[in-house]
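Asker: Residues in the sequence shown are numbered from 150 upward in steps of one, following my numbering.
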Amino acid sequence: MSATTVTASSSPTPSISPGRRIWLRFRQNRNGYASLIIFLILFVISLGAELVSNDKPLVASYHGKILFPIAHDYSEKTFGGDFESPADYLDPFIQEQFRKDGNWAIYPPNHYRFDTLNYFARQPNPAPPSSENWLGTDDRGRDVFARLLYGFRISILFGLALTVTGVVLGLLAGAVQGYFAGRTDLFMQRLLEIWGSMPELYLLIIFSSIFEPSIGLLLVLLSLFGWMGLSDYVRADFLRNRNLEYVQAGRALGLSNMQIIWRHVLPNSLTPVVTFLPFRMSASILALTSLDFLGLGVPPSTPSLGELLAQGKNNLDAWWIALSTFIVLTVTLLLLTNIGDALRNALDVRRKA
Numbered sequence: 150m151s152a153t154t155v156t157a158s159s160s161p162t163p164s165i166s167p168g169r170r171i172w173l174r175f176r177q178n179r180n181g182y183a184s185l186i187i188f189l190i191l192f193v194i195s196l197g198a199e200l201v202s203n204d205k206p207l208v209a210s211y212h213g214k215i216l217f218p219i220a221h222d223y224s225e226k227t228f229g230g231d232f233e234s235p236a237d238y239l240d241p242f243i244q245e246q247f248r249k250d251g252n253w254a255i256y257p258p259n260h261y262r263f264d265t266l267n268y269f270a271r272q273p274n275p276a277p278p279s280s281e282n283w284l285g286t287d288d289r290g291r292d293v294f295a296r297l298l299y300g301f302r303i304s305i306l307f308g309l310a311l312t313v314t315g316v317v318l319g320l321l322a323g324a325v326q327g328y329f330a331g332r333t334d335l336f337m338q339r340l341l342e343i344w345g346s347m348p349e350l351y352l353l354i355i356f357s358s359i360f361e362p363s364i365g366l367l368l369v370l371l372s373l374f375g376w377m378g379l380s381d382y383v384r385a386d387f388l389r390n391r392n393l394e395y396v397q398a399g400r401a402l403g404l405s406n407m408q409i410i411w412r413h414v415l416p417n418s419l420t421p422v423v424t425f426l427p428f429r430m431s432a433s434i435l436a437l438t439s440l441d442f443l444g445l446g447v448p449p450s451t452p453s454l455g456e457l458l459a460q461g462k463n464n465l466d467a468w469w470i471a472l473s474t475f476i477v478l479t480v481t482l483l484l485l486t487n488i489g490d491a492l493r494n495a496l497d498v499r500r501k502a
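(1) List the endpoints of the continuous beta strand (DSSP E) containing Ser210.
(2) Rounding to the nearest angstrom, what Cα-Cα distance links Ala254 and Glu245 in this structure?
(3) Give the DSSP bridge partners of Trp253, in chain order.
(4) Report all residues from its chain with a CB closer than 8 Å to the CB of Phe360; omit the five preceding and five following residues, and keep chain order.
(5) What is the DSSP secondary structure of Ser224, reduced to helix, strand or coil?
(6) By alpha-carbon positions, which one of Arg384, Leu309, Val423 and Phe374 ends up nearest to Gly331?
(7) Any beta carbon from chain D within less than 8 Å of Ala401's own beta carbon?
(8) Along the chain, where does the alpha helix (DSSP H) that runs through Phe475 open and close?
(9) From Ser280 to Gly290, what distance separates their C-alpha atoms?
(10) Have a look at Arg179 and Ile171 and give me their C-alpha separation to the nearest angstrom.
(11) Can you grab the Cα-Cα spacing for the pair Asn177 / Asp441, in whole Å?
(12) Between the Cα of Thr424 and the Cα atoms of Asn390, Asn487, Ile470 and Arg296, which residue gives the shortest distance?
(13) Apart from the five residues just before and just after Ile215, which ones in its own chain have a Cβ nearer than 8 Å to its Cβ?
(14) Between Gly403 and Gly446, what straight-line distance do the alpha-carbon atoms span, to the nearest angstrom?
(15) Using a threshold of 8 Å, state whether the C-beta atoms of Leu426 and Thr312 are closer than that.
(16) Roughly how far, in whole angstroms, is the beta-carbon of Leu298 from the beta-carbon of Ala398, given that I think they are within contact range, below 8 Å?
(17) What does the alpha-carbon distance come out to for the pair Trp376 and Gly455?
(18) Are Gly300 and Leu379 close, meaning C-beta to C-beta below 8 Å?
(19) Pick helix, strand or coil for Pro235, following the three-state DSSP scheme.
(20) Do you know whose CA, among Phe188, Val477, Ile354 and Ala295, lies nearest Phe263's CA?
(21) Quick one: grab the DSSP three-state call for Ile215.
(22) Please confirm if the region 224 to 240 is in contact with the region 259 to 273, defined as three or more CB-CB distances below 8 Å between the two stretches.
(23) Are the Cβ atoms of Ile187 and Leu484 separated by less than 8 Å?
(24) Can you say whether Gln460 is buried or exposed, counting buried as having 16 or more other CB atoms within 10 angstroms of its CB?
(25) Excluding five sequence neighbours on each side, which residues of the same chain lie with their C-beta closer than 6 Å to the C-beta of Gly489?
(26) Leaving out five residues before and five after Leu318 in sequence, what residues of the same chain have Cβ atoms less than 6 Å from its Cβ?
(27) Excluding the 5 residues preceding and the 5 following Leu341 in the sequence, name in chain order all residues of the same chain whose CB lies nearer than 8 Å to its CB.
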């Protein structure tokens with residue numbers, strides 16, 4: 150009987166997908182990964198700003214009836230008052246009503262909204278930080294912490310919207326220029342040079358004097374110019390990839406230009422786009438803050454970091470306004486810069502995960 154030798158076949162080492170390899174490289178950068186976690190936490194908190202900072206109770210019980218003042222407006226008569234106007238839950242009379250006869254109310258951690266005027270304040274405005282107003286009040290008596298929280302949310306959402314708009318327009322322009330090249334590229338380059346030479350700030354001043362200031366108008370005006378920086382990078386990548394073998398093979402197989410661009414060239418040209426995102430978002434936030442500081446941004450009633458900086462400039466003795474706003478703005482830009490650096494390193498194929 151011949152002895153048979155059984156050899157155990159070793160299983161092949163599983164390969165790492167490109168997406169997971171990028172994520173592993175990103176996590177190797179501790180500053181970038183920690184910045185991403187902190188930024189996401191702050192952004193999620195700002196999305197629920199009404200639950201963190203509000204002048205209305207989250208839930209209340211009055212004479213055995215459960216009420217939700219944060220979602221519904223109740224008149225002062227509902228709580229034993231004399232008027233049909235909406236109840237002021239900072240009024241000592243209303244607060245006293247919740248303390249007796251088994252009534253109760255659960256307030257948010259901060260008892261002020263971004264536009265709340267505390268008519269029962271004990272100190273003149275602007276008031277320094279206290280247990281009642283954590284970061285003090287501005288020159289109109291509005292809570293600085295509430296305006297920072299709501300203003301941070303508006304800044305991030307505006308930056309996201311402007312970044313997405315700029316990426317879409319930049320991708321379209323850069324892809325058309327780089328893929329078709331030739332006369333199309335030359336013609337569009339001349340148009341871009343003319344469009345880029347237009348005075349953006351003067352246009353903003355003119356339009357803000359004609360139309361009523363709003364976030365939508367500001368988003369449209371800034372979107373007209375915010376895509377040109379990205380289009381140059383996309384154009385360069387498309388010019389490099391348009392003559393590679395896989396593009397020529399697609400043409401030989403009869404694929405249309407749109408199919409080649411969408412399925413093959415664009416996925417291989419996204420590296421500058423992804424790297425561009427955090428820095429473009431930082432520029433968008435700075436643009437909104439600068440325009441609000443100059444009085445050319447959002448309406449005055451809208452919470453804004455730039456408007457708080459302008460108040461800090463006009464009230465130098467109220468140091469808490471400018472200092473707290475400066476810290477929020479600096480931390481936000483620092484987090485986005487760290488994320489952008491980590492993302493750029495993660496997309497570097499020379500690094501190993």
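Beta carbons: idealized from backbone N, C-alpha and C, even for Gly.
Answerer: Judging by the given coordinates:
(1) The count along the sequence shown starts at 1 and reaches residue 210 at position 61. Per DSSP, Ser210 belongs to the beta strand (DSSP E) from Val208 to Tyr211.
(2) Residue 254 sits at position 105 when you count from the first residue of the sequence shown. Residue 245 sits at position 96 when you count from the first residue of the sequence shown. Straight-line Cα distance between these residues: approximately 11 Å.
(3) Here residue 253 refers to the residue found at position 104 when the sequence shown is read from its first residue. DSSP output for Trp253 lists Ser210 as bridge partner(s).
(4) On the sequence shown, residue 360 is found 211 positions in, with the first residue counted as 1. Counting only Cβ-Cβ distances below 8 Å, and skipping sequence neighbours, we find Leu366.
(5) For this step, residue 224 is matched to residue 75 along the sequence shown. DSSP places Ser224 in strand when its eight states are reduced to three.
(6) For the purposes of this step, residue 331 is taken as residue 182 along the sequence shown, with counting starting at 1. Looking at the Cα atoms, Arg384 is the closest of the given residues.
(7) The question asks about chain D, but that chain is absent: this structure has only one protein chain.
(8) On the sequence shown, position 326 is the one that residue 475 refers to. Here the alpha helix (DSSP H) through Phe475 covers Trp468 to Ala495.
(9) Taking the first residue of the sequence shown as 1, we reach residue 280 at position 131. Taking the first residue of the sequence shown as 1, we reach residue 290 at position 141. For Ser280 and Gly290, the distance between alpha carbons rounds to 15 Å.
(10) If you number the sequence shown from 1, residue 179 lands on position 30. If you number the sequence shown from 1, residue 171 lands on position 22. Between Arg179 and Ile171, the C-alpha separation is close to 14 Å.
(11) The residue you call residue 177 lines up with position 28 of the sequence shown. The residue you call residue 441 lines up with position 292 of the sequence shown. In the sequence on display, residue 177 carries Gln and not Asn. Rounded to the nearest angstrom, the two C-alpha atoms are 38 Å apart.
(12) For this step, residue 424 is matched to residue 275 along the sequence shown. Comparing Cα-Cα distances from Thr424 to each of Asn390, Asn487, Ile470 and Arg296, the minimum goes to Asn487.
(13) Stepping through the sequence shown from its first residue, residue 215 is reached at position 66. Within the same chain, Ile215 has close Cβ partners Val208 and Ala209.
(14) As a first step, residue 403 must be located in the sequence shown, where it is residue number 254. As a first step, residue 446 must be located in the sequence shown, where it is residue number 297. Approximately 50 Å, taken between the alpha carbons.
(15) For the purposes of this step, residue 426 is taken as the residue at position 277 of the sequence shown. For the purposes of this step, residue 312 is taken as the residue at position 163 of the sequence shown. Yes, the pair counts as a contact, with Cβ atoms nearer than the cut-off.
(16) As a position in the sequence shown, residue 298 is number 149, starting the count at 1. As a position in the sequence shown, residue 398 is number 249, starting the count at 1. Incorrect: roughly 54 Å between the Cβ atoms, too far for contact.
(17) Position 227 of the sequence shown holds residue 376. Position 306 of the sequence shown holds residue 455. CA-CA distance, Trp376 to Gly455, rounds to 23 Å.
(18) Taking the sequence shown and counting its residues from 1, one reaches residue 300 at position 151. Taking the sequence shown and counting its residues from 1, one reaches residue 379 at position 230. It is not a contact, given that the beta carbons lie outside the stated cut-off.
(19) Here residue 235 refers to the residue found at position 86 when the sequence shown is read from its first residue. Three-state result, Pro235: strand.
(20) The count along the sequence shown starts at 1 and reaches residue 263 at position 114. The shortest Cα separation from Phe263 among Phe188, Val477, Ile354 and Ala295 belongs to Ala295.
(21) As a first step, residue 215 must be located in the sequence shown, where it is residue number 66. In the structure shown, Ile215 sits in a strand (DSSP, three-state: E or B).
(22) They touch, by the three-pair rule.
(23) As a first step, residue 187 must be located in the sequence shown, where it is residue number 38. As a first step, residue 484 must be located in the sequence shown, where it is residue number 335. It is a contact, given that the beta carbons lie within the stated cut-off.
(24) Reading the sequence shown from its first residue, position 311 is the one you call residue 460. Per the 10 Å Cβ criterion, buried.
(25) Position 340 of the sequence shown holds residue 489. Correct list, in chain order: Pro427 and Phe428.
(26) Stepping through the sequence shown from its first residue, residue 318 is reached at position 169. Same-chain partners within the cutoff: Trp376.
(27) Start at 1 with the first residue of the sequence shown, and residue 341 comes out as number 192. Excluding residues within five positions, the ones whose Cβ falls inside 8 Å are Ala322, Met377 and Ser380.
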